[in-house]
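J.: At position 28 of the first sequence (counting the first as 1) the number is 28 in full-length UniProt numbering, and the numbers step up by one without a gap.
Think of the CB as a built atom: it goes at the ideal place given N, C-alpha and C, for glycine as much as any other residue.
Dropping the structure in here first, questions after.
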Amino acid sequence: MANSPSQSSGSSHPDLTDPHAARRHKLEEIVKRGIDPYGQRFDDRQLVKECRQRGSEVRFVTQAGESLELPDMESPELDYRQWKTDHGPGEEVGPTVRVAGRIMLARPTGKLIFMNLRDWTGDIQIFVGKKQVGEESFELAKLFDLGDLIGIEGRLGRTNTGELTVFAEKLFLLSKMLEVPPEKHAGMTNADLRQRMRYADLAFNDGVMQTFLDRTKIVKSVRSTLDERGFCEVEGPTLHTIPGGAAARPFETHHNALDMGLTMRIALELHLKRLMVGGMERVYEMGRVYRNEGLSPRHNPEFTMIEIYQAYGDYESMMELTERLICEAIDKIGGGYKRQYNGQEVDFTPPFKRATYAELFEKATGIDPADQDAVMELAGRLKIETTGKHPDVVRNEIFEEKVEDSLDGPIFVIDYPASICPLTKRKRDNPEIAERFELFICGMELANAYTELNDPDLQEELFQTQLAGLDDEDSMAKMDHDFVRALRYAMPPAGGLGIGIDRLVMVLTNSKSIRDVILFPILRPE
RNA sequence: GGAAGUGUAGCUCAGUUGGUUAGAGCAUUCGACUUUUAAUCGAAUGGCCCUGGGUUCGAGUCCCAGCACUUCCA
1 MANSPSQSSG
11 SSHPDLTDPH
21 AARRHKLEEI
31 VKRGIDPYGQ
41 RFDDRQLVKE
51 CRQRGSEVRF
61 VTQAGESLEL
71 PDMESPELDY
81 RQWKTDHGPG
91 EEVGPTVRVA
101 GRIMLARPTG
111 KLIFMNLRDW
121 TGDIQIFVGK
131 KQVGEESFEL
141 AKLFDLGDLI
151 GIEGRLGRTN
161 TGELTVFAEK
171 LFLLSKMLEV
181 PPEKHAGMTN
191 ADLRQRMRYA
201 DLAFNDGVMQ
211 TFLDRTKIVK
221 SVRSTLDERG
231 FCEVEGPTLH
241 TIPGGAAARP
251 FETHHNALDM
261 GLTMRIALEL
271 HLKRLMVGGM
281 ERVYEMGRVY
291 RNEGLSPRHN
301 PEFTMIEIYQ
311 AYGDYESMME
321 LTERLICEAI
331 DKIGGGYKRQ
341 YNGQEVDFTP
351 PFKRATYAEL
361 FEKATGIDPA
371 DQDAVMELAG
381 RLKIETTGKH
391 PDVVRNEIFE
401 EKVEDSLDGP
411 IFVIDYPASI
421 CPLTKRKRDN
431 PEIAERFELF
441 ICGMELANAY
451 TELNDPDLQE
461 ELFQTQLAGL
471 DDEDSMAKMD
481 HDFVRALRYA
491 MPPAGGLGIG
501 IDRLVMVLTN
511 SKSIRDVILF
521 PILRPE
């Protein structure tokens, strides 16, 4: 990759057709002129977005001194050139602005240069005319390359085609780019390169910045929705002595001074529940968790989860909250409740659909999920390994295979078989059914919620059976005695909710891969 | 872990049945141009065809192994 020849700057015969060498050469030329190619602070600047808003201040001043309002530039019938001949002679006069950003495109036509300048709020055209900026500045402008960061002071106006443009009066080089930008239409398409060089991806590929700005808005929105409802954000430990709260393989690490093994957290749950015992009645944490497992378009080893606990609530309360969290986030990023994801329409208009695990199972397979013989027989036909497995586990594998992928959603799958939900309270009228829901969108599990189990003795028992059922590979799972002791101090009945933030961002920004919504996903070393 | 695909200029991609000196667009350099907008026109420069082995008179192309990435599956 970009192994610039980095011709030692003094090299007497640089090959100027080599793009890297050409940039180095221009850098030297700039330095020779006594200009710092890495610039200085640039005060009083306006964002491109602000300049666009001030575009309405541009007026057409005739030679007679008459100040006319410009015609509607959006109008398709408008021939601005003609309009000017009809109303002229005269010229556009607008406010003076200072903008700074990256040169994305340049169209030199002899003694003038058009450039497209981009800051993180948008693009705006710059006009640099030799006569207008003077010989010296124009020579400097010719030393600018695509990708350079520059500052421009000039008046807002319109070109003959009506395009809002900053007519440069002063030019500032703020930082010279020594690497070569990607191809200007296709951009950088190699997924590996895009992630490895996220800076270039953000700077040059359309839509990338917007996705990550939307991510920030979604995260902020989730926090404010919860804060408004009296939830309290906390920060639990990321280094755990006992990995718990989920079934996943942890990353292991070591504390030198204590000479003690530690694992990175795989979930937030157990510490948040301890806080509920302590009296934090509405508590949440949004943060990174780490799972030492395979990669896929939906899995990165570190990802962002939010877990939310509400004392004296149950999974019904969490369903309503889930809808609020998602809908308010959509309100913040805009685009409406009917959205596109992977080419299909997803309608987030609340309330979301709800269906029980059993009815979805029966609809997809034609088999009563309670009929164990039929379930095992179907598993055989689907070539699902059944030996040594509990029928409920087998049934769940069928569910995952036959039902989950087809859940376009958003849909709450509710009331799971109790046997696959050890940390969940059972329904009062049916101990076989656990009060749990999962939210599915486009076949992807986005949220998971329970009416939390708060019976310490039952919790301990379930821990034991869970541990007994694990094979050697997973035997690093350990009984969390302190957690059970905490429950003995009495945890209120509560609803608990977990949402995969990365997946939520994927769905709301129409991103196919989790790696498109994580700034720096894990990569092999270069 | 399994299957399929991809790897060629700084970037995006062609490259026929194995056949002479590996092509295009963008970018870069030089020339023309003061209202362009993927600016245009003319010219030039730019290659470890992922790596290693093999088949062949001859390999970017076929075979084997490896590496990396992508997609699907587990």
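Val48 and Ile124 - do their beta-carbons sit closer together than 8 Å?
T.: The answer is yes: Cβ separation under 8 Å.
J.: With 16 as the cutoff for other CB atoms within 10 Å, does Lys131 come out buried or exposed?
T.: With fewer than 16 other Cβ atoms within 10 Å, it is exposed.
J.: For the alpha helix (DSSP H) holding Met318, just list the boundary residues, first then last.
T.: Taken as a continuous stretch (DSSP letters only), the alpha helix (DSSP H) holding Met318 covers 315-333.
J.: DSSP three-state call for Thr263: helix, strand or coil?
T.: It is a strand residue.
J.: Pull up the CB-CB distance for Gly151 and Ile103, whole angstroms please, since I reckon it's below 8 Å.
T.: Not a contact, Cβ separation roughly 11 Å.
J.: Kindly indicate which three-state DSSP category Asn396 falls into: helix, strand or coil?
T.: Residue state, collapsed to three classes: helix.
J.: Taking Asp36 as the reference, which of Ser175, Phe251, Arg274 has the closest Cα?
T.: The shortest C-alpha separation from Asp36 is found at Ser175.
J.: Beta carbon of residue 529, beta carbon of Ile308: below 8 Å?
T.: The structure shown does not extend to residue 529, since the chain is modelled only from 1 through 526, so no value can be given for it.
J.: Quick one: grab the DSSP three-state call for Leu78.
T.: Note: Leu78 maps to coil in three-state DSSP.
J.: Answer yes if the region 320-334 comes into contact with the region 342-352, meaning at least three C-beta pairs across the two stretches below 8 Å, and no otherwise.
T.: Because the criterion of three Cβ pairs below 8 Å is met, the region 342-352 and the region 320-334 touch.
J.: Provide the residue(s) that pair with Leu173 in DSSP beta bridges, ordered along the chain.
T.: For Leu173, which the question treats as bridged, DSSP gives the partners Ile150.
J.: Here's the rule I'm using: 16 or more other beta-carbon atoms within 10 Å means buried, otherwise exposed. How should Asn300 be labelled?
T.: Buried, because 16 or more other Cβ atoms sit within 10 Å of the Cβ of Asn300.
J.: Can you look up Glu526 in the DSSP assignment and give me helix, strand or coil?
T.: Coil at Glu526, not helix or strand.
J.: Are the Cβ atoms of Arg59 and Val93 separated by less than 8 Å?
T.: Their beta carbons are under 8 Å apart, which means Arg59 touches Val93 by this criterion.
J.: Within 10 Å of its beta-carbon, does residue 562 have 16 or more other beta-carbons around it, so buried, or fewer, so exposed?
T.: Because residue 562 is not part of the residues shown, which for the chain are 1 to 526, the question remains open.
J.: Using only alpha-carbon positions, find the residue among Thr211, Pro493, Phe172 that is nearest to Ser513.
T.: Among Thr211, Pro493, Phe172, the Cα nearest to that of Ser513 is on Thr211.
J.: If the criterion is Cβ atoms closer than 8 Å, does the pair Val283 and Val222 meet it?
T.: No; because the gap between Cβ atoms is not below 8 Å, this pair is not in contact.
J.: For Lys84, collect the residues of the same chain with a Cβ closer than 8 Å to its Cβ; drop the 5 residues on either side in sequence, then sort them by chain order.
T.: The residues are Phe60, Gly90, Asn160.
J.: Please classify Pro181: does DSSP put it in a helix, a strand, or coil?
T.: The answer is coil: DSSP assigns Pro181 none of H, G, I, E or B.
J.: Report yes or no: do the region 487-502 and the region 433-451 share at least 3 C-beta pairs separated by less than 8 Å?
T.: In short, these stretches touch, since the Cβ pair count reaches three.
J.: If distances are taken between C-alpha atoms only, which option among Phe144, Glu461, Gly245 comes closest to Arg107?
T.: Checked all of Phe144, Glu461, Gly245; the closest Cα to Arg107 is Phe144.
J.: On the criterion of 16 or more Cβ atoms from any shown chain inside 10 Å, does Ile126 qualify as buried, or is it exposed?
T.: The residue in question, Ile126, is buried, as its Cβ has 16 or more Cβ neighbours within 10 Å.
J.: Could you tell me the alpha carbon to alpha carbon distance between Pro237 and Asn510, rounded to whole angstroms?
T.: If you take the alpha carbons of Pro237 and Asn510, they lie about 32 Å apart.
J.: Helix, strand or coil: which one does DSSP assign to Asp123?
T.: Strand, per DSSP.
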